[in-house]
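Residue numbers (the numbering used here), protein chains in the order written: chain A, 112 to 571; chain B, -14 to 115.
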């Protein structure tokens, strides 16, 4: 709860900082400091809450469970990493640097609500707080038509899916007569097969699938991720997506767990479609940025496994997947913004010009592809383990492994371009010692996640 | 009627029957009215009737012209403050019940709103002259 207050206040501070401070560098410095402070506040929240007794806040509107607070801490850590890696690039997007940071703080406020909500209304507000700043960030490069297109598309599609979500909440309320997700469990059980409740679950599932860009609700993702300024794509594709997944899992684990036989098949088909569409379409892309958009769809397919498996391992799976995927993707985007040409050819010969950049990119791509000793491997291991333990969807697990093999192809194309093709990549901004240091830290994190995943799961 | 009362006790889709009935009547009313006036009313088509109505003035040009963003901005900001006022109504109704704590919460809400207001004034969103 302290984190929610802190991030709101920090957001307002950033807004006003833009009025009185004109120097972009000091604004970015202030933002970095505030993100570090926010990480401190989330850790404070985490240490002052006991493991076994969740605190109920605001008349049971929120419930600060230990794993929620741990998720908050990790995601705030990822945001800090993001700002340290890309703070310089954020300054280049446009005039209103302090507002960009303020919006990111507000997005984090939505994230905290989504990890702790105990009431469907809070979930709805959380999703809105998470989404609306993103619509603005997507269109923040005002002179670029693609950016405006991304913003408008995202806004219209997002508003539409919000409507579906509200409809689902309404139907659920009609069936269970409560918005409280823990009370809902018993009430829905009493009349076993209420068609209203089932329709509500389906609507909410579709709305969430939209937010996490699962097929066939993924159509907006490539255009929005491709059109938005690259720095903000990095944030949208990682921290925000993880938050939406956490909320998805929370609702389906806490409330709809006992009804899983009714919805699990629908979600399994959505998962299979997501894996297929994401991976196969990514193969045909020419631009690395667009490939990463499709890869984020494919990774969403894997994260859906955690929602499918209604058991305790799923929590561990979603947390480790969120952090492994976020760290590696933020790293790749940090390299991508340094390049002028976003096509595969733009990476040709990077290993000769910037050997360190090429090396860390290789590690990040290994992680996304799920090669052992990187975070991505452990992440895939945990989510697949969760589904194997649940035991009904073995066909889906095998299908996912096949799709992971396809993903190796398009990730490795980048590595081949960097190491085995001749060329002189154009660097848009000089790579300083600080950049290199942060990239090495990120790279170390990816490997640490692969070697000692328990470090990130002790609190779950 | 008994059936309706009985079903209200349980939680079934049948509870929504009155709503469906109301929808049917609402849509039916509109359709019937339009059909009846279409069939019974006299028809006289003239040139003047077919052009767009613009407060009685002959229409000028195309509507798709670029327009100052200020109008839009003012309209949007108006909506914000309008909604703020709407929040006061439920508070006013429960003023005594919510007591001191409720008052402080409303003050907090207004303070946040004021922050936003100061921000937009300082950013120059309300300056009309370029």
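C-beta atoms are modelled at their ideal positions from N, C-alpha and C, and glycine is treated no differently.
Small disclaimer: the values here were computed from a predicted structure and weren't measured.
CA nearest to the CA of residue i, picked from the options
| i | options | result |
| --- | --- | --- |
| residue 432 (chain A) | A:523, A:363, A:561 and A:217 | A:561 |
| residue 524 (chain A) | A:514, A:473 and A:500 | A:473 |
| residue 187 (chain A) | A:563, A:163, A:152 and A:175 | A:152 |
| residue 273 (chain A) | A:248, A:321 and A:256 | A:321 |
| residue 414 (chain A) | A:394, A:378, A:285 and A:539 | A:378 |
| residue 534 (chain A) | A:462, A:430 and A:228 | A:462 |
| residue 183 (chain A) | A:133, A:220 and A:339 | A:220 |
| residue 468 (chain A) | A:486, A:445, A:481 and A:487 | A:445 |
| residue 285 (chain A) | A:266, A:265, A:306 and A:267 | A:306 |
| residue 513 (chain A) | A:481, A:204 and A:249 | A:481 |
| residue 367 (chain A) | A:331, A:278, A:298 and A:440 | A:298 |
| residue 329 (chain A) | A:404, A:511 and A:135 | A:404 |
| residue 197 (chain A) | A:448, A:209 and A:464 | A:448 |
| residue 476 (chain A) | A:175, A:241 and A:440 | A:440 |
Proximity of residue i and residue j at Cβ, strictly below 9 Å
| i | j | result |
| --- | --- | --- |
| residue 280 (chain A) | residue 290 (chain A) | yes |
| residue 428 (chain A) | residue 504 (chain A) | no |
| residue 522 (chain A) | residue 479 (chain A) | yes |
| residue 494 (chain A) | residue 507 (chain A) | no |
| residue 344 (chain A) | residue 217 (chain A) | no |
| residue 76 (chain B) | residue 87 (chain B) | yes |
| residue 253 (chain A) | residue 341 (chain A) | no |
| residue 143 (chain A) | residue 191 (chain A) | yes |
| residue 237 (chain A) | residue 358 (chain A) | yes |
| residue 558 (chain A) | residue 185 (chain A) | no |
| residue 500 (chain A) | residue 419 (chain A) | no |
| residue 374 (chain A) | residue 312 (chain A) | yes |
| residue 276 (chain A) | residue 318 (chain A) | yes |
| residue 193 (chain A) | residue 349 (chain A) | yes |
| residue 389 (chain A) | residue 423 (chain A) | no |
| residue 227 (chain A) | residue 179 (chain A) | yes |
| residue 172 (chain A) | residue 233 (chain A) | yes |
| residue 110 (chain B) | residue 25 (chain B) | no |
| residue 382 (chain A) | residue 346 (chain A) | no |
| residue 261 (chain A) | residue 335 (chain A) | yes |
| residue 554 (chain A) | residue 421 (chain A) | no |
| residue 326 (chain A) | residue 283 (chain A) | no |
| residue 135 (chain A) | residue 208 (chain A) | yes |
| residue 407 (chain A) | residue 324 (chain A) | yes |
| residue 145 (chain A) | residue 125 (chain A) | yes |
| residue 487 (chain A) | residue 530 (chain A) | no |
Neighbour-count burial assignment, residue i, 16 or more Cβ in a 10 Å radius
| i | result |
| --- | --- |
| residue 251 (chain A) | buried |
| residue 455 (chain A) | buried |
| residue 114 (chain A) | buried |
| residue 520 (chain A) | exposed |
| residue 450 (chain A) | buried |
| residue 426 (chain A) | buried |
| residue 64 (chain B) | exposed |
| residue 189 (chain A) | buried |
| residue 54 (chain B) | exposed |
| residue 181 (chain A) | buried |
| residue 122 (chain A) | buried |
| residue -10 (chain B) | Reliability fails at residue -10 (chain B), whose pLDDT of 49 lies under 50, so the model's placement of it is uncertain and the value that follows must be treated cautiously. Looking at its Cβ environment, which holds fewer than 16 other Cβ atoms inside 10 Å, residue -10 (chain B) is exposed. |
| residue 129 (chain A) | buried |
| residue 583 (chain A) | An answer regarding residue 583 (chain A) cannot be provided, because it is not within the stretch 112 to 571 covered by chain A. |
| residue -12 (chain B) | Bear in mind that a pLDDT of 49 at residue -12 (chain B), under 50, signals an unreliable position, so the number given afterwards is only what the model happens to contain. Label assigned to residue -12 (chain B): exposed. |
| residue 45 (chain B) | exposed |
| residue 23 (chain B) | exposed |
| residue 396 (chain A) | buried |
| residue 549 (chain A) | buried |
| residue 223 (chain A) | buried |
| residue 206 (chain A) | exposed |
Beta-bridge pairing of residue i - partner residues as DSSP gives them
| i | result |
| --- | --- |
| residue 209 (chain A) | Answer is none; residue 209 (chain A) lacks a bridge partner. |
| residue 167 (chain A) | A:174 |
| residue 398 (chain A) | A:454 |
| residue 390 (chain A) | Looking at the DSSP assignment, residue 390 (chain A) forms no beta bridge with any residue, so it has no partner. |
| residue 228 (chain A) | A:173 |
| residue 538 (chain A) | A:450 |
| residue 291 (chain A) | A:230 |
Using a Cβ-Cβ cutoff of 7 Å, what residues of the stretch 129 to 162 of chain A are near chain B? List them in chain order. So the list reads 130, given in the order they occur along the chain.
Along the stretch 50 to 68 of chain B, what residues have a CB closer than 8 Å to any CB found in chain A? Interface annotation for the stretch 50 to 68 of chain B against chain A: empty, criterion Cβ-Cβ distance under 8 Å.
Check distances from the C-beta atoms of the stretch 96 to 111 of chain B to those of chain A and list, in chain order, the residues that come in under 9 Å. Within the stretch 96 to 111 of chain B, the residues whose Cβ lies closer than 9 Å to some Cβ of chain A are 97, 100, 101, 103, 104, 107 and 108, listed in chain order.
Pull out every residue of the stretch 291 to 323 of chain A whose Cβ sits closer than 8 Å to any Cβ of chain B, in chain order. Within the stretch 291 to 323 of chain A, the residues whose Cβ lies closer than 8 Å to some Cβ of chain B are 302, 305, 306 and 307, listed in chain order.
Mind listing which residues of the stretch 112 to 125 of chain A have their C-beta closer than 9 Å to chain B's C-betas, in chain order? The residues in question are 119 and 123.
In chain order, what residues of the stretch -2 to 10 of chain B put their CB closer than 7 Å to some CB of chain A? Per Cβ criterion, the list reads -2.
Scan the stretch 245 to 274 of chain A for residues whose Cβ lies nearer than 7 Å to a Cβ of chain B and list them as they occur along the chain. Within the stretch 245 to 274 of chain A, no residue has a Cβ lying closer than 7 Å to any Cβ of chain B.
Within 7 Å of chain B by C-beta, residues of the stretch 196 to 221 of chain A in sequence order: Taken residue by residue, none of the stretch 196 to 221 of chain A has a beta-carbon sitting less than 7 Å from a beta-carbon on chain B.
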